[in-house]
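Enquirer: Chains as they are written, first to last, in the numbering used here: chain A, 1 to 115; chain B, 1001 to 1114. The beta carbon of each residue, even a glycine, is placed where N, CA and C say it ideally should be.
(1) Enumerated in chain order, which unbroken segments of the alpha helix (DSSP H) with a length of 4 residues or greater are wholly contained in the segment 1063-1093 of chain B?
(2) Measure the CB-CB distance between residue 1064 of chain B and residue 1077 of chain B and report whether it falls below 8 Å.
(3) Just the C-alpha distance for residue 4 of chain A and residue 106 of chain A, rounded to the nearest angstrom, thanks.
(4) State the start and end residues of the unbroken beta strand (DSSP E) segment that holds residue 111 of chain A.
(5) Given that a residue counts as buried once 16 or more other Cβ atoms are within 10 Å of its Cβ, and exposed if not, what is residue 1021 of chain B?
(6) Hey, is residue 1016 of chain B's beta-carbon within less than 8 Å of any beta-carbon in chain A?
(7) Along chain A, in chain order, which residues have C-beta atoms closer than 9 Å to that of residue 1058 of chain B?
(8) Please specify which runs of the beta strand (DSSP E), each continuous and at least 3 residues long, are wholly inside the segment 43-81 of chain A, giving them in chain order.
(9) Tell me which residues share the same chain as residue 73 of chain A and place their Cβ nearer than 6 Å to its Cβ, disregarding the 5 neighbours each side in the sequence.
(10) With H, G and I counted as helix, E and B as strand and the rest as coil, what does DSSP make of residue 1097 of chain B?
(11) Please tell me whether residue 19 of chain A has its Cβ less than 8 Å away from any Cβ of chain B.
(12) List the endpoints of the continuous beta strand (DSSP E) containing residue 37 of chain A.
(13) Determine, using beta carbons only, whether residue 95 of chain A and residue 31 of chain A come nearer to each other than 8 Å.
(14) Could you work out which residues of chain B lie near residue 49 of chain A, taking near to mean beta carbons separated by less than 7 Å?
(15) Bridge partners of residue 24 of chain A, per DSSP?
(16) Strictly under 8 Å for the Cβ-Cβ distance: is residue 1093 of chain B near chain A by that measure?
(17) For residue 99 of chain A, I'd like the list of residues in its chain whose CB is within less than 6 Å of its CB, leaving aside the five on either flank, ordered along the chain.
(18) Name, please, each residue of chain B whose Cβ falls closer than 9 Å to the Cβ of residue 46 of chain A.
(19) Which bits of chain A does residue 1033 of chain B rub up against, with CB to CB less than 8 Å?
(20) Any Cβ of chain B within less than 8 Å of the Cβ of residue 43 of chain A?
(21) Select from A/2, A/7 and A/11 the residue whose C-alpha is nearest the C-alpha of residue 86 of chain A.
(22) Take the Cβ of residue 1041 of chain B as the centre, count every other Cβ of all protein chains shown within 10 Å, and call the residue buried at 16 or more, exposed below.
(23) Between residue 1047 of chain B and residue 1031 of chain B, what straight-line distance do the alpha-carbon atoms span, to the nearest angstrom?
Take a look at the structure:
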């Protein structure tokens, strides 16, 4: 079955610490990969996406992610987190050219940044 | 830039009542998706429409139905509401004809069933 696994349910960091959130997907074909962020009480916002090309993608707010096809992974990184990064982060993928684009989400990782 | 609009933002219903949620996609987007996010859960895909035709179906209960109208807005109709239907319902839109799967999400409708 197609699924997304996010390794951490809740991550607590101090400001300026580095962040890496793990994401692995389960699907044998070509995928489009996404990271979305959901601030408390708000809707999902796209952080970054990978469709093709350079496997290291840069998104908004200093986030980046690396697609490693052999590991079916798309981990999210940020070198120095800020208190304002406190939010829930969802990894998702869609089946490129296969299904009609609906996203399959992971369970989410809640990030709490202590000031 | 115009975003996805959803109405109402909050809705409170009693068990066994019906509810209608509306979604207005970004202008010129041809695809609408509906997702349900229960408390503390990840968003689950319900149903999608491409050019006003149902495109894909996920975990949508039989009590729910949806359609996309000629102006591309979509409505999710929910009948015989149950307590478990309390959730945040997101609509997203995309421009599929360009080959892009990037979905833009609306603010959601928070449905509470009492």
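Expert: Concretely, from the data shown:
(1) The segment 1063-1093 of chain B is shown to contain no whole alpha helix (DSSP H) run of 4 or more residues.
(2) In this structure, residue 1077 of chain B lies closer than 8 Å to residue 1064 of chain B by Cβ.
(3) So the two alpha carbons sit approximately 5 Å from each other.
(4) Residue range 109-114 is occupied by the beta strand (DSSP E) that includes residue 111 of chain A.
(5) Looking at its Cβ environment, which holds 16 or more other Cβ atoms inside 10 Å, residue 1021 of chain B is buried.
(6) No - not a single Cβ of chain A is within 8 Å of the one on residue 1016 of chain B.
(7) The answer, in chain order, is 102.
(8) Counting only runs of 3 or more residues that sit fully inside the segment 43-81 of chain A, the beta strand (DSSP E) segments are 44-50, 56-58, 64-68 and 73-78, in chain order.
(9) Excluding sequence positions up to five before and after residue 73 of chain A, its CB lies within less than 6 Å of the CB of 24, all in the same chain and listed in chain order.
(10) Annotated three-state conformation of residue 1097 of chain B is helix, per DSSP.
(11) False, the Cβ-Cβ gap to chain B never drops below 8 Å.
(12) Note, residue 37 of chain A: beta strand (DSSP E), 31-38.
(13) Taking 8 Å as the cut-off, the beta carbon of residue 95 of chain A is found closer than this to the beta carbon of residue 31 of chain A.
(14) Neighbours of residue 49 of chain A on chain B, chain order: 1102.
(15) In the DSSP output, where bridge partners are listed per residue, residue 24 of chain A has A/5 and A/73.
(16) Not one chain A Cβ lies under 8 Å of residue 1093 of chain B.
(17) In this prediction, residue 99 of chain A scores a pLDDT of 48, lower than 50, which makes its location untrustworthy; no coordinate-derived value is stated.
(18) Those within 9 Å of residue 46 of chain A in chain B are 1102, 1103, 1104 and 1105.
(19) Going along chain A in sequence order, the residues near residue 1033 of chain B (Cβ under 8 Å) are 101, 102 and 103.
(20) It does; some Cβ of chain B falls within 8 Å.
(21) Comparing Cα-Cα distances from residue 86 of chain A to each of A/2, A/7 and A/11, the minimum goes to A/11.
(22) Exposed, by the Cβ-count rule.
(23) For the pair residue 1047 of chain B and residue 1031 of chain B, the Cα-to-Cα distance works out to about 11 Å.
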